[in-house]
Amino acid sequence: ICALVCHFFKFSHLTAFPLADTVPGMVLPFEMDFLSDHKLIRTGDEIPVVITAPEERLGAAVTAMNSIYRNSKANVVFNIVTLNESVVHLRTWLSKTDMKHKIIIFDPKILTGKISNDLQKVEAVKPLNFARFFLPVFLPDTEKVIYLDDDIIVQGDIRELFDTSVKLGHAAAFSEDCDSASSKGIVRGAGNQNSYIGFLDFKKEAIKKLGMRANTCSFNPGVFVANLTEWKQQNITSQLEFWMERNAKEDLYSKTLADSITTPPMLIVFYKHHSDIDPMWHVRHLGVTGAGNRYSPQFVKAAKLLHWNGHYKPWGRASSFSDIWDKWYIPDPTGKFHPIRRPAEEK
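Quick note, the sequence shown lines up with residues -16 to -1, 1 to 331 if you use mature numbering (1 follows the signal peptide of the UniProt record, and there is no 0).
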């Protein structure tokens, strides 16, 4: 009963900002008139992709979506999670495209009591970072879904990623930080960010009791494929919330943790209980210092998905391989967003 009540309690948080054209659940339906002047209307089984879109990074989300759409003929439906104040801006931008999409409004109140006071001071604590924890709430009737951070570019056919095998009994598939592709870009001098000890404080009793090995290879939750049926059966969302609340009280995360504050609870919940993604479908660390020296242009060109996790984003002043990101950028029709290294008048 508690689990059921909690589920509806969470759901009510997400419906806190009623808009005139919404349906219950705060999902803004895809508007077919967006397609009225476009020839290409895709059919077949839908491939749901969830991506977040904070106001200051709307351009990142739209660019990522465009790269996915243009590199596949699949019937992709983008489920864009954003905050209430960004809806009009986002809809205006997407009205200039033929990408099928739904807009989902996220209410930050759902995070009350789940983030420690210390972490609240960190800029990395953006409400939408935690949207990935609530996927079944956003897509209650969906079996399988792809979740993507906004600082990515897809160069392969997204159907290939969607077809990733999520093994029986597993709720998700991730790419491990020790795999042959990502290990080339391990962040040096930032703690052991490719193993569990880089994310969790193994001196804390709550962590010790879990019996996890500190040197276990971690994974990056910025790209994953989820089986939402298993997710719901295993109460993954409730488990993640439990560890968020526990950390808020006991400070369980590693002191060397950089900006990956959504990673620790996922590492706990999915410890040795997840499937694997092809490493070429998550080539990361492009946003760290020296990424251009870690990866050859040939390797980057061959990658199916590029992830600029780290400080340097491809729309910022200095980033490796930003020319690849530029290729898929769609200028903001309102003029509010533009890459820093581009002139403001370019629209």
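C-beta atoms are modelled at their ideal positions from N, C-alpha and C, and glycine is treated no differently.
From a predicted model like this one, the values you see are computed outputs, not experimental measurements.
Below 8 Å, too few C-beta pairs join the region 271 to 283 and the region 144 to 160 to call them touching: fewer than three.
With contacts defined as CB atoms closer than 9 Å, Asp135 and Lys285 fail to qualify as a contacting pair. Taking 9 Å as the cut-off, the Cβ atoms of Ser159 and His266 count as close. Under the DSSP assignment, Ala44 falls in the alpha helix (DSSP H) whose first and last residues are 42 to 54.
Spanning the alpha carbons of Ile261 and Ile64 requires a straight line of approximately 22 Å. At the C-beta level, Val207 and Leu289 come within 9 Å of one another. Nearest neighbour of Ala58 by Cα position, chosen from Ala157, Gly28, Asn178, turns out to be Gly28. Excluding the 5 residues flanking it on each side, Arg230 has same chain C-beta neighbours closer than 7 Å at Ala190, Leu236, in chain order.
Note on geometry: alpha-carbon atoms of Lys216 and His85 lie some 24 Å from one another. Given a length threshold of 3 residues, each whole run of the beta strand (DSSP E) inside the region 88 to 163 is given here in chain order: 128 to 132, 136 to 138, 156 to 160. Val138 and Leu270 have their C-alpha atoms some 13 Å from each other.
The three-state reading of DSSP puts His257 in coil, since its state is none of H, G, I, E or B. Leu78 has its alpha-carbon roughly 14 Å from the corresponding atom of Trp312. Inclusion of Pro111 and Pro92 in the CB contact set at 9 Å is warranted, their separation being smaller than that value. The Cβ atoms of Leu67 and Phe90 lie closer than 9 Å to each other. Under the three-state reduction of DSSP, Ala37 is assigned to coil, being neither helix nor strand. DSSP places Ile220 in the uninterrupted alpha helix (DSSP H) bounded by 220 to 234. With contacts defined by Cβ atoms closer than 9 Å, Ile314 and Thr81 form a contacting pair. Within the region 281 to 320, complete alpha helix (DSSP H) segments of at least 4 residues are found at 281 to 286, 306 to 310, given in chain order. For Lys193, the secondary structure class from DSSP, reduced to helix, strand or coil, is coil. Taking the Cα of Ile31 as reference, the smallest distance to any Cα among Ser202, Arg197, Ala44, Ile130 is reached at Ile130. Membership of Gly206 in the beta strand (DSSP E) is indicated by the continuous run 203 to 211. Counting other Cβ atoms within 10 Å of its Cβ, Lys320 stays below 16 and is therefore classed as exposed. A distance below 6 Å between beta-carbons, with the five flanking residues on each side excluded, links Tyr255 to the following residues of its chain, in chain order: Met196. Taking Ala115 as reference, the option from Ile94, Glu234, Trp299, Glu127 with the minimal CA-CA separation is Ile94. In this structure, Ser238 is the residue among Ala156, Ser238, Arg26 with its C-alpha nearest to the C-alpha of Lys188.
Contact between Ile252 and Ala155 is ruled out by a C-beta separation of about 14 Å, above the 8 Å threshold. When only Cα atoms are considered, His291 and Asn113 end up about 15 Å apart. Annotated three-state conformation of Pro32 is strand, per DSSP. Setting aside the 5 residues that flank it on each side, Lys128 is surrounded in the same chain by Pro32, Phe146, Val150, Val209, Ala210, Asn211, Leu212, each with a C-beta closer than 8 Å to its C-beta; the list follows chain order.
In terms of Cα proximity to Gly153, the closest of Ser70, Glu214, Asp185, Ile308 is Glu214. Between Ile99 and Met228 a beta carbon distance of about 7 Å is seen, short of the 8 Å cut, so the two are scored as contacting. Between Ser179 and Ser202 a beta carbon distance of about 6 Å is seen, short of the 8 Å cut, so the two are scored as contacting. Linking Ser70 to Leu42 through their CA atoms gives a straight-line distance of about 8 Å.
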